[in-house]
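Chemist: The structure that follows is given in the form of structure tokens.
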Amino acid sequence: MMSFVRKDANPNPIVDTVFAVAMYAMLDKQENGDLVTDATIGSLFDEDGNFVAFHSVFDHYDALDHRIKGAYAASFLGNPDFCRDVYNWVTQGTELSLAHSVIATPGGSGAISSAITSFLDKGETIILPDIGWSSYELMATQYNINFTHYQMFDGDRFNLASVKEALVSSMNTQGRAVLVVNDPCHNPTGYSLTMEEWEELVRILNEVSARGPIILIDDIAYIDYAYDGAHSRAYMNTFNQFSDNVMAVIAFSCSKALTSYGLRCGAAVILAQKQEAVREAEIVFEKTARAIWSNIPNAAMANFSWVVNENRDAYLAEKQQYIDLLKQRSSLFLKEAEACGLPLYPYKEGFFITIKVDPAKTEAIHEALMRDHIYTVTMPGGIRVAVCSLPLRKTSGLAERILQIINTVE
Ligand SMILES: Cc1ncc(COP(=O)(O)O)c(C=O)c1O
Numbered sequence: 011m012m013s014f015v016r017k018d019a020n021p022n023p024i025v026d027t028v029f030a031v032a033m034y035a036m037l038d039k040q041e042n043g044d045l046v047t048d049a050t051i052g053s054l055f056d057e058d059g060n061f062v063a064f065h066s067v068f069d070h071y072d073a074l075d076h077r078i079k080g081a082y083a084a085s086f087l088g089n090p091d092f093c094r095d096v097y098n099w100v101t102q103g104t105e106l107s108l109a110h111s112v113i114a115t116p117g118g119s120g121a122i123s124s125a126i127t128s129f130l131d132k133g134e135t136i137i138l139p140d141i142g143w144s145s146y147e148l149m150a151t152q153y154n155i156n157f158t159h160y161q162m163f164d165g166d167r168f169n170l171a172s173v174k175e176a177l178v179s180s181m182n183t184q185g186r187a188v189l190v191v192n193d194p195c196h197n198p199t200g201y202s203l204t205m206e207e208w209e210e211l212v213r214i215l216n217e218v219s220a221r222g223p224i225i226l227i228d229d230i231a232y233i234d235y236a237y238d239g240a241h242s243r244a245y246m247n248t249f250n251q252f253s254d255n256v257m258a259v260i261a262f263s264c265s266k267a268l269t270s271y272g273l274r275c276g277a278a279v280i281l282a283q284k285q286e287a288v289r290e291a292e293i294v295f296e297k298t299a300r301a302i303w304s305n306i307p308n309a310a311m312a313n314f315s316w317v318v319n320e321n322r323d324a325y326l327a328e329k330q331q332y333i334d335l336l337k338q339r340s341s342l343f344l345k346e347a348e349a350c351g352l353p354l355y356p357y358k359e360g361f362f363i364t365i366k367v368d369p370a371k372t373e374a375i376h377e378a379l380m381r382d383h384i385y386t387v388t389m390p391g392g393i394r395v396a397v398c399s400l401p402l403r404k405t406s407g408l409a410e411r412i413l414q415i416i417n418t419v420e
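Quick note: the sequence shown uses my numbering, first residue 11, plus one each step.
Okay, structure coming up:
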């Protein structure tokens, strides 16, 4: 067949492991009902197995004037009040002294992918965690940008030595480095860096950036489910120590924060010491916006502003119920995993827990679990359990069942 697509497009179809396994789980549920344990979906579900959409978000959204829903946004950068409110929301409780700009994006995905393509040329390499969200790799390779991995963990700690090695190697080969850190509430392990780890990371960024620019993409998609909400942003104060050669792009998402995954809205928060550097990046981001999605849904931005200003207390109270539920589910799974000896990556908070498995056996274990009606998602070196969508009654006893199945796989 004559090919119609551009020469350097990758012709292989997307392999979306989450949606495929979620579909198997759904079919199994139709046949076997309550026998099925579905721990695949990365959205909040309540104890009755219903998708959660916050009343404190959507009652007001439903009542918005049609003209607000229909209108274009005020600018390709986003509505100015939305951008101000996102900055205040993302950095609440911190005292940042950096220059900044906020650009509205279609979810966290838009922020991350525009950051990748704004800071790297074709053929250059981005540094990603070895255990992580697979879309980062697609976002890079779609633009013929390569990726390399740092190791997330050294035992139960964040592997700063591996990050440093990757940064130095990038600097040696391309004179710049772009690093993705998905923190806090890392997908898929639920790890969050300690304050000391952030301080050391910033020290490393400063040291290596003496030789060229470094951009830190901090993906905070799950930050609003951190267990210590009041201090969840405290680590951002370490950014004040950035050298002039370091920039951060914080990728914020309304998807999880507002349970509005389908109402594409998020933002890139650009931070650096120098206003000129922030402005330069902002121009490139704005052009990406204009060239690809033009503008973000006006009503999604208007509603975010209303929720975090006028309806803040009701929203926080509603969200807290689900943070408490996540805590209950994760504590139960962790306690039972410890009791039976099921090995886990170090979980602290968030939507997911990941079981450590022999990489050579991951696929076989995953399939054996499905034969026993347990649906999970494979990760490099692990099996992800989405406690965000797993009711307590399904969580109970699950660790032991999984361990027994793992032990049967040769
Ligand atoms: C780690 C991580 N980052 C970012 C996102 C972006 O989500 P969205 O584009 O819906 O904001 C997700 C969504 O699953 C995610 O898991």
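Every residue gets a Cβ at the ideal spot worked out from N, C-alpha and C, and that includes glycine.
Would you decide whether M11 is buried or exposed? Buried here means 16 or more other CB atoms lie within 10 Å of its CB.
Modeler: The count along the sequence shown starts at 1 and reaches residue 11 at position 1. So M11 ends up on the exposed side.
Chemist: Taking 8 Å as the threshold (beta carbon to beta carbon), is G276 in contact with chain C?
Modeler: Absent from the structure: chain C. Only one protein chain is present.
Chemist: Residue ranges of each alpha helix (DSSP H) run of no fewer than 4 residues wholly in the stretch 152–203, ordered along the chain?
Modeler: The stretch 152–203 contains these whole alpha helix (DSSP H) runs: 170–184.
Chemist: Looking only at its own chain, which residues have a Cβ that is under 7 Å from the Cβ of S253, when we skip the five neighbours before and after it?
Modeler: In the sequence shown, residue 253 corresponds to position 243, counting from 1. So the qualifying residues of the chain are N216, S219.
Chemist: Nearest by alpha-carbon distance to C195: which of M380, I384, T364, N417 is it?
Modeler: Reading the sequence shown from its first residue, position 185 is the one you call residue 195. Checking every option, the nearest Cα to that of C195 belongs to T364.
Chemist: Between M205, Y97, M246, R186, which lies nearest to I225 when the distance is taken from Cα to Cα?
Modeler: Translated into the one-based positions of the sequence shown, residue 225 becomes position 215. The residue with the shortest Cα to Cα distance from I225 is R186.
Chemist: Using DSSP's beta-bridge definition, name the partner residues of G276.
Modeler: The sequence position of residue 276 within the sequence shown is 266, counting from 1. Note: G276 sits in a beta bridge opposite T115, S263.
Chemist: Can you tell me which of D166, A171, E147 puts its alpha carbon nearest to the alpha carbon of S202?
Modeler: Translated into positions along the sequence shown, residue 202 becomes position 192. If we check each option's Cα against that of S202, D166 comes out closest.
Chemist: Could you compute how far the alpha carbon of V25 sits from the alpha carbon of S107?
Modeler: Counting from one through the sequence shown, the residue named residue 25 turns up at place 15. Counting from one through the sequence shown, the residue named residue 107 turns up at place 97. Straight-line Cα distance between these residues: approximately 42 Å.
Chemist: Just to confirm the assignment, what range does the alpha helix (DSSP H) spanning I302 have?
Modeler: Position 292 of the sequence shown, counted from the start, is the residue given in the question as residue 302. Segment 285–302, the alpha helix (DSSP H) holding I302.
Chemist: Under 7 Å Cβ to Cβ from A287, same chain only, skipping five residues before and after it: list those, please.
Modeler: Reading the sequence shown from its first residue, position 277 is the one you call residue 287. Same-chain partners within the cutoff: M257.
Chemist: Quick check: does the Cβ of N250 come within less than 7 Å of any heavy atom belonging to ligand 1?
Modeler: As a position in the sequence shown, residue 250 is number 240, starting the count at 1. Incorrect: N250 has no Cβ contact closer than 7 Å to ligand 1.
Chemist: Report the three-state DSSP secondary structure of F68 (helix, strand or coil).
Modeler: As a working note, residue 68 is residue 58 in the sequence shown. Helix.
Chemist: Enumerate in chain order the residues of its own chain whose CB-to-CB distance from D193 is below 7 Å, with the five nearest sequence positions on each side excluded.
Modeler: Here residue 193 refers to the residue found at position 183 when the sequence shown is read from its first residue. Excluding positions up to five away in sequence, the list reads S202, L203, D228.
Chemist: Determine the closest residue to E328 out of D234, A370, R300, A277, with distance taken between C-alpha atoms.
Modeler: Position 318 of the sequence shown, counted from the first residue, corresponds to residue 328. Among D234, A370, R300, A277, the Cα nearest to that of E328 is on D234.
Chemist: Could you check if V100 is buried or exposed, using at least 16 other CB atoms within 10 Å of its CB as the buried criterion?
Modeler: For the purposes of this step, residue 100 is identified with residue 90 of the sequence shown, where counting begins at 1. With 16 or more Cβ atoms within 10 Å of its Cβ, V100 is classed as buried.
Chemist: Specify which residues have a beta carbon nearer than 6 Å to any heavy atom of ligand 1, listing them in chain order.
Modeler: Result (chain order): G52, G117, G118, S119, W143, N192, N197, D229, A231, S263, S265, Y271, G276.
Chemist: Can you tell me whether DSSP reads M380 as helix, strand or coil?
Modeler: Taking the first residue of the sequence shown as position 1, residue 380 is located at position 370. Helix, per DSSP.
Chemist: Sort out for me which residues DSSP pairs H110 with in a bridge.
Modeler: Position 100 of the sequence shown, counted from the first residue, corresponds to residue 110. Its beta-bridge partners are L281.
Chemist: The alpha helix (DSSP H) with L215 in it runs from where to where?
Modeler: If you number the sequence shown from 1, residue 215 lands on position 205. From DSSP, the alpha helix (DSSP H) with L215 extends over 205–218.
Chemist: Which residues mark the beginning and the end of the beta strand (DSSP E) in which T364 is found?
Modeler: Counted from its first residue, the sequence shown places residue 364 at position 354. Residues 362–366.
Chemist: Give the straight-line distance between the Cα atoms of V178 and F61, rounded to the nearest whole angstrom.
Modeler: Locating residue 178 in the sequence shown gives position 168, counting from the first residue. Locating residue 61 in the sequence shown gives position 51, counting from the first residue. So the alpha carbons of these two residues sit roughly 44 Å apart.
Chemist: Indicate the three-state DSSP secondary structure (helix, strand or coil) for A84 in the structure shown.
Modeler: As a working mapping, residue 84 is identified with position 74 in the sequence shown. Reduced to three states, the DSSP call for A84 is coil.
Chemist: For F64, which residues in the same chain have their Cβ closer than 6 Å to its Cβ, ignoring the five residues on either side in sequence?
Modeler: Within the sequence shown, numbered from 1, the residue matching residue 64 stands at position 54. So the list reads T269, E328, once near-sequence residues are dropped.
Chemist: Specify the secondary structure class of I233 as computed by DSSP and reduced to three states.
Modeler: For this step, residue 233 is matched to residue 223 along the sequence shown. Looking at I233 - three-state DSSP - the assignment turns out to be helix.
Chemist: Any idea what DSSP makes of G392, helix, strand or coil?
Modeler: Along the sequence shown, one-based indexing puts residue 392 at 382. If DSSP states are grouped into helix, strand and coil, G392 belongs with the strands.
Chemist: For the beta strand (DSSP E) that contains I136, what are its first and last residues?
Modeler: Here residue 136 is taken as the residue at index 126 of the sequence shown, counted from 1. Here the beta strand (DSSP E) through I136 covers 135–139.
Chemist: Once the 5 residues before and after Q414 are set aside, which same chain residues still bring their CB inside 6 Å of it?
Modeler: Position 404 of the sequence shown holds residue 414. Within the same chain, Q414 has no close Cβ partners at all.
Chemist: Span of the alpha helix (DSSP H) holding L45?
Modeler: Stepping through the sequence shown from its first residue, residue 45 is reached at position 35. Careful: L45 lies outside any alpha helix (DSSP H) and carries neither H nor E.
Chemist: Would Y385 and D48 be called neighbours here (beta carbons separated by less than 8 Å)?
Modeler: Here residue 385 is taken as the residue at index 375 of the sequence shown, counted from 1. Here residue 48 is taken as the residue at index 38 of the sequence shown, counted from 1. In this structure, D48 lies closer than 8 Å to Y385 by Cβ.
Chemist: With A109 and A282 assumed to form a contact (beta carbons below 8 Å), what rounded beta-carbon distance in angstroms separates them?
Modeler: If you number the sequence shown from 1, residue 109 lands on position 99. If you number the sequence shown from 1, residue 282 lands on position 272. So it is a contact: roughly 6 Å between Cβ atoms.
Chemist: By the three-class DSSP mapping on this structure, what secondary structure does I51 have?
Modeler: One-based indexing of the sequence shown puts residue 51 at position 41. DSSP places I51 in coil when its eight states are reduced to three.
Chemist: Comparing C-alpha positions only, which one of A310, D382, V387, P356 sits nearest to Y71?
Modeler: Working through the sequence shown from its first residue, we reach residue 71 at position 61. Nearest of A310, D382, V387, P356 to Y71, Cα basis: A310.
Chemist: Going by beta-carbon coordinates alone, are V317 and A121 separated by less than 8 Å?
Modeler: Stepping through the sequence shown from its first residue, residue 317 is reached at position 307. Stepping through the sequence shown from its first residue, residue 121 is reached at position 111. No; because the gap between Cβ atoms is not below 8 Å, this pair is not in contact.
Chemist: Between the beta-carbon of G360 and the beta-carbon of A261, is there less than 8 Å?
Modeler: In the sequence shown, residue 360 corresponds to position 350, counting from 1. In the sequence shown, residue 261 corresponds to position 251, counting from 1. The answer is no: Cβ separation not under 8 Å.
Chemist: Tell me whether D228 sits in a helix, a strand or coil according to DSSP, three-state version.
Modeler: Working through the sequence shown from its first residue, we reach residue 228 at position 218. Reduced to three states, the DSSP call for D228 is strand.
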